[in-house]
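Working notes, structure below.
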Amino acid sequence: MQKTAEKTRKAPATSSGKTQDQGPLMQELFLDMLKDIYWAEKHLTKALPKMKKAATTEELQDCFDDHLAQTEEHVTRLEKAFELMGKKAQAVKCEAMDGLTKEADEMTEETEAGSLTRDVALIAAAQKVEHYEIATYGTLVQLASNMHLNEVATLLEETLKEEKAADSLLTDIAENNVNWQALETENGEGDKSERKGKK
Ligand SMILES: [Fe+2]
Ligand SMILES: [Fe+2]
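Per my numbering, the very first residue in the sequence shown carries number -13; after that it's consecutive.
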């Protein structure tokens, strides 16, 4: 039953009641999204070193460092995806990613260097970035599969897995270390630099 329905599925009718061939339009949308995330990933190769430098704990610094190496690979995979589609790799400014990294900069400025609160803020900013990437790659993988671009789908799926792993690692660092240590410090049991200016 399900299979028959799949086979006979037609392009949905538009508001005018007409149906149209979705192929070229879908490919155009897909390419636009690819250009957007290509800009975002390249932008992140510059943002992550700044976030690493701003981080307090070695654990978070290492996490940003490892994800920088992965992000460089994400850029390369996107170039390969363009190539597989017979297109030149092109970056178009991603306003969302630009905003998210600006927020990371602001959160850095608003927290004290060397404090655990700084790490809590950086983890929050980094997870927003990862969630944006997860949403984007999730859609791209789905679209690539629908368009039977199997090699492209497999490539982007690899990246999607790495974004999800990076997000989980950030959660682990926050939950197991940074958050409670930051709270303990606020309660007066942590390092002196954190207590500065507090009761
Ligand atoms: Fe990425
Ligand atoms: Fe990422």
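Cβ atoms here follow ideal geometry from the backbone N, Cα and C, with glycine treated the same way.
Is the closest heavy atom of ligand 2 to the C-beta of Ala206 under 6 Å?
Within the shown structure, residues of the chain are numbered from -13 to 185, placing residue 206 beyond reach of any answer.
Within 10 angstroms of the Cβ of Glu65, are there 16 or more other Cβ atoms? Answer buried if so, exposed if not.
exposed
Is Ala77 closer than 7 Å to Glu28 when the C-beta atoms are compared?
A small fix is needed here, since residue 28 is Lys in this sequence, not Glu. Yes. Within cutoff.
Given a cut-off of 7 Å on the beta-carbon distance, is the pair Glu119 and Glu148 in contact?
no
Excluding the 5 residues preceding and the 5 following Phe50 in the sequence, name in chain order all residues of the same chain whose CB lies nearer than 7 Å to its CB.
Leu34, Met37, Lys38 and Ala41
Please list the terminal residues of the continuous alpha helix (DSSP H) segment that includes Ala107.
Leu102 to Asn132
Restricting to Cα atoms, I'd like to know which of Leu54, Asn163, Thr43 and Glu69 is closest to Leu20.
Glu69
What would DSSP say about Leu20, mapped onto helix, strand or coil?
helix
When we look at the beta-carbon of Ser154 and count the other beta-carbons within 10 Å, is it buried (16 or more) or exposed?
exposed
Cα-Cα separation, Ala(-9) to Glu14
Residue placement at Ala(-9) is flagged as unreliable, the pLDDT there being 43, under the threshold of 50; the coordinate-derived value follows with that caveat. Spanning the two alpha carbons is a distance of roughly 27 Å.
Quick one: residues in its chain with C-beta nearer than 8 Å to the C-beta of Gly183, no 5 flanking neighbours on either side, listed in chain order?
Confidence at Gly183 is low in this model, with a pLDDT of 35, below 50, so its placement is unreliable and no value can be given for it.
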